[in-house]
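Colleague: Have a look at this one before I ask anything.
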Amino acid sequence: MKRKTLIQNIAFGIFRLMALSVVAILVWIIGFLVVKGAGALSWEFITESPTDGMTKGGIFPAIVGTLCLVVGSMVFAFPIGVMSGIYINEYAANNWVVKFIRVMTNNLSSIPSIVFGLFGMALFVNTLGFGDSILAGSLTLGLLVLPIVIRTTEEALKTIPDTYRQGSYALGASKLTTIRKVILPMAMPNITTGLILAVGRVSGETAPILFTCAAYFLPKLPTSIFDQVMALPYHLYVLATSGTDIEAARPVAYGTALVLILIVLIVNLLAGVLRGYFNKKLR
Amino acid sequence: MSIIKASDVDFYYGDFHALKGISMEMERNSVTAFIGPSGCGKSTFLRLINRMNDLIDGTRLTGSIEVEGRNIYDKKIDVDTLRAEVGMVFQKPNPFAKSIFDNIAYGLRVNGVKDKAFIEQRVEESLRGAALWDEVKDKLKKSAFELSGGQQQRLCIARALAVQPKIILMDEPASALDPLSTAKIEDLIFTLKSDYTIVIVTHNMQQAARVSDKTAFFYLGELIEYDDTKKMFLSPQVEATQNYITGRFG
Amino acid sequence: MKHTEQEIKNLKNYHIEMWNLVESQVTKAFDALKNYDTQKAREIIARERVVNAQELVVDHHLENFIALFAPVAIDLRFVLSLLKINNNLERIGDFAESIALFVLYKQNAPIDHKLYEKLRLDEMMDTAKKMLSTARIALIEEDSKLAASVFALDSNVDEINKDAVQVLADYIVENNAKSVEMLGLHAVIRRIERVGDRVSNIAEDIVFFVDAKELRHQTKNK
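Those sequence lines, one after another, are chains A, B and C.
Here the first sequence is numbered in this note's numbering, starting from 5 and rising by one per residue.
Here the second sequence is numbered in this note's numbering, starting from 23 and rising by one per residue.
Here the third sequence is numbered in this note's numbering, starting from 198 and rising by one per residue.
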């Protein structure tokens, strides 16, 4: 008995340590960023353009650019992803076509993001002639997160017991009506989770926008979807590797990283609120 | 005249022969109970009456099932219309994630009813019909999930009543409920009989005895015995029926 | 064996005990009447309380079984039949007691031998006893055919009962002094006939239990 308890305690002790270390690493990263970057933060930092070879001034255009890309990619990925998810889970018979779609979706999500970037450049920038633009970048990012949206939609629909569908059919409702009026409202909280994940991913990606939309330095705001924009992750990359004076730009880089993380956190928070709202509507 | 008439119904799930040569008729305004061990085909047969089994891939049916003289497996039959005429209540209460009012109104709306006053009137009538009105009349806007399990099940019955079906199929409607809620559902079935034809699948032998006029015993996909409930529970004619209802099975 | 079946077996055992008690009471009462045995008559009266107690025991077990097992079909018919058979047996026990009382209070010594012969009392009592034992076996074996054979025996008892009226009337005309005793004897013969009737009822219940056929209030094939 004693021995058994001891083994148990050791095992769970290790598990607990592992779990705590994950938290510790996260706290460390954020702490590190706050310590290094908080000094750079100011109202001007988030509302002004970079100046002095990007060693001074703010990052406003990059923030706007990232937001544009997030919205643009979601406008593209969300409807297509949700509709695909609905098709796979609700309409398609469980045969080889669906299995094929699933495998392909999974493969899509394991393609390195830089490959997406190259593909986006080849298709959107060159072949379709969008040039380096928000549109091309959004489409590329959209493609990147499409599998996430599809998968989460599918999973969200799967968790809804068939008995609700049958309940609706039993009243004479058609399949489309059932999905629209009964199933989608119930799946919304979980689909929203997919959206959160996708937004998080989009706002942090550098590689896909490298060749499709990101501007090295562009101190003006975009006026159309065919404009280039700066974006936070790429800006960070630039500041850290290829600025005119990397050492002088260090504080700005940390500040940028902090802002990026804050934006992702805020988006997550917002989505959490949204999820809570949908859930409340259901209860 | 019988309202439901099944003739030589054979039903397959893929290669599995789930129902074998079922022929039976059910009277208007009667309660028919289907009993039998799990997997005997009783639920399958119930779900043939509103074509719920259409939703399963790879099934095949021969023979015919007539509702009010029309073969519901005829190509001309619109399944959605059929299901509005043959309502169904499920084993687990499955109210939609909507308000109590919208749950009842749902069936009307999906069938194209737009008249608000009429919907309100039907909602009240249906809730009264399901003996739920007094309990929920002050919280129609509240979510259906706030109701207890027994109330939810009566809500589902009310939801079925709203579209004014002729037949109500019940698939073990009280198996997830406590005895008090079960008694309420049983009372309700007894009341509803005067306006609807009810077919109920149950594992509870005493429930079948209490609520039904006729009882059908299914075993291994066959209809073994079908007779007045009183007769079935006092003096069944087939030994298998007797062994099943007295708990001596197998 | 399933729980229900064990329970039913127990019920049957309690019930058979009732049968044994009542049959022994009836046998003793007939012997007492035949041999004018007041000793046996007293035994019967003393044991009547045991019969009544056993009836309550069996009823009690049957009530419990209904309450706890909610029997249906053959089980339901079994308990319903047993309830009624039990009641009938108790009444048969009462008849045995009445006969014993007649033996005890009879003013004169044994029944006139010639009269005894003429009344065919031996045949009547033997038939009644046979009916009882046949019904018991039919119940134990769950044999409805055997149970139905009781009906033919009962018509024999009825016939003897009917004839007895004339025999007794004739006897009273010749022996006026014994008229009171003869009226008592007539009552006793009626009791024996009633035993036959009760056993017939029991046989109907056995047939209902075994075959689920309703025989009461139907014309029997004789």
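We treat Cβ as the ideally placed atom computed from N, Cα and C, and that holds for glycine.
Predicted model only: the values in this text are computed from it and were never measured.
1) Which of helix, strand or coil does DSSP assign to V233 of chain A?
2) Roughly how far, in whole angstroms, is the beta-carbon of A55 of chain B from the beta-carbon of I222 of chain B, given that I think they are within contact range, below 8 Å?
3) Is the Cβ of T201 of chain C closer than 7 Å to any Cβ of chain B?
4) Check I399 of chain C in the structure and name its three-state DSSP category.
5) Quick test of your reading: N194 of chain A and T163 of chain A, contact by CB under 8 Å. State the CB separation rounded to the nearest angstrom.
6) Do the CB positions of G141 of chain A and L73 of chain A come within less than 7 Å of each other?
7) For S226 of chain C, I'd like the list of residues in its chain whose CB is within less than 7 Å of its CB, leaving aside the five on either flank, ordered along the chain.
8) As an exercise, report each continuous alpha helix (DSSP H) stretch of at least 4 residues that is fully enclosed by the segment 86 to 124 of chain B, in chain order.
9) What is the DSSP secondary structure of S295 of chain C, reduced to helix, strand or coil?
10) In whole angstroms, give me the CA-to-CA distance for R92 of chain B and L104 of chain B.
11) Quick check: is the beta carbon of N51 of chain B nearer than 7 Å to any beta carbon in chain A?
12) First and last residue of the alpha helix (DSSP H) that includes S113 of chain A?
13) Let's test the definition: count the other Cβ atoms within 10 Å of the Cβ of K236 of chain B and tell me whether it reaches 16, buried, or not, exposed.
14) Assuming contact is defined by CB atoms lying nearer than 7 Å, are A235 of chain A and T70 of chain A in contact in what I supplied?
15) Taking CB distances under 7 Å as the criterion, tell me whether G43 of chain B reaches chain C.
16) If we count the other Cβ atoms within 10 Å of its Cβ and call it buried at 16 or more, is P201 of chain B buried or exposed?
17) Under the three-state reduction of DSSP, which class applies to G62 of chain A: helix, strand or coil?
18) Can you grab the Cα-Cα spacing for the pair N210 of chain C / R274 of chain C, in whole Å?
19) Sort out for me which residues DSSP pairs R244 of chain C with in a bridge.
20) What's the C-alpha gap between S376 of chain C and A231 of chain B?
21) Give every residue of the same chain whose Cβ lies closer than 8 Å to the Cβ of L301 of chain C, excluding the five residues on either side of it in the sequence, and list them in chain order.
22) Sort A:A211, A:A96, A:D249 by Cα distance to I115 of chain A and report the nearest one.
23) Which chain C residues are close to R270 of chain B, counting only those with a beta carbon under 8 Å from its beta carbon?
24) Work out the CA separation of L180 of chain A and D100 of chain B for me, nearest whole Å.
25) Going residue by residue through the segment 341 to 412 of chain C, where are the continuous alpha helix (DSSP H) segments of at least 4 residues, counting only ones entirely within it?
26) Quick check: is the beta carbon of V269 of chain C nearer than 7 Å to any beta carbon in chain F?
27) Is it the case that the Cβ atoms of F36 of chain A and S53 of chain A are separated by a distance below 7 Å?
28) Per DSSP, H39 of chain B is paired with what?
29) Check D234 of chain C in the structure and name its three-state DSSP category.
30) I need the DSSP call for M48 of chain B, collapsed to helix, strand or coil.
31) Are any of the Cβ atoms in chain C nearer than 7 Å to that of I211 of chain B?
32) Could you give the DSSP three-state label for D193 of chain B: helix, strand or coil?
33) I'd like to know if the segment 174 to 183 of chain B and the segment 147 to 158 of chain B are in contact, where contact means that at least 3 CB-CB pairs between them fall below 8 Å.
34) Among the candidates C:I386, C:V404, C:I289, C:H200, whose CA atom is the shortest distance from the CA of W216 of chain C?
35) With DSSP run on the structure shown, which of helix, strand or coil describes A267 of chain C?
36) Please go through the segment 198 to 243 of chain B and give each complete beta strand (DSSP E) segment of 3 or more residues, from N-terminal end onward.
Modeller: Judging by the given coordinates:
1) Of the three classes helix, strand and coil, the one that applies to V233 of chain A here is strand, per DSSP.
2) In this structure A55 of chain B is in contact with I222 of chain B, their Cβ atoms being roughly 5 Å apart against a cut-off of 8 Å.
3) yes
4) helix
5) Between T163 of chain A and N194 of chain A the Cβ distance is about 7 Å, and since that is below 8 Å, they are a contact.
6) yes
7) For clarity, residue 226 of chain C is Ala in the given sequence; the question names Ser instead. Within the same chain, A226 of chain C has close Cβ partners I241, A293, I296, A297.
8) DSSP runs (the alpha helix (DSSP H)) wholly in the segment 86 to 124 of chain B: 101 to 107.
9) helix
10) 11 Å
11) no
12) 100 to 114
13) Buried, because 16 or more other Cβ atoms sit within 10 Å of the Cβ of K236 of chain B.
14) Between A235 of chain A and T70 of chain A, the C-beta spacing is below 7 Å.
15) no
16) exposed
17) coil
18) 17 Å
19) Answer is none; R244 of chain C lacks a bridge partner.
20) Roughly 60 Å separates the two Cα atoms.
21) T235, A238, R239, I242
22) That would be A:A211, whose Cα lies nearest to the Cα of I115 of chain A.
23) K199, T201, E202
24) Their backbone Cα atoms lie some 15 Å apart in a straight line.
25) Within the segment 341 to 412 of chain C, the complete alpha helix (DSSP H) runs of at least 4 residues are 341 to 345, 347 to 371, 376 to 408.
26) This model lacks chain F altogether, as its protein chains are A, B and C.
27) Not closer than 7 Å, so no.
28) Bridge pairing for H39 of chain B: B:Y34 [DSSP].
29) coil
30) Correct three-state label for M48 of chain B: strand.
31) no
32) D193 of chain B: strand per DSSP, three-state reduction.
33) yes
34) For W216 of chain C, the closest C-alpha among the options C:I386, C:V404, C:I289, C:H200 is that of C:I289.
35) DSSP, reduced to helix, strand and coil, places A267 of chain C outside both helices and strands of the structure shown, so it counts as coil.
36) Within the segment 198 to 243 of chain B, the complete beta strand (DSSP E) runs of at least 3 residues are 219 to 223, 236 to 241.
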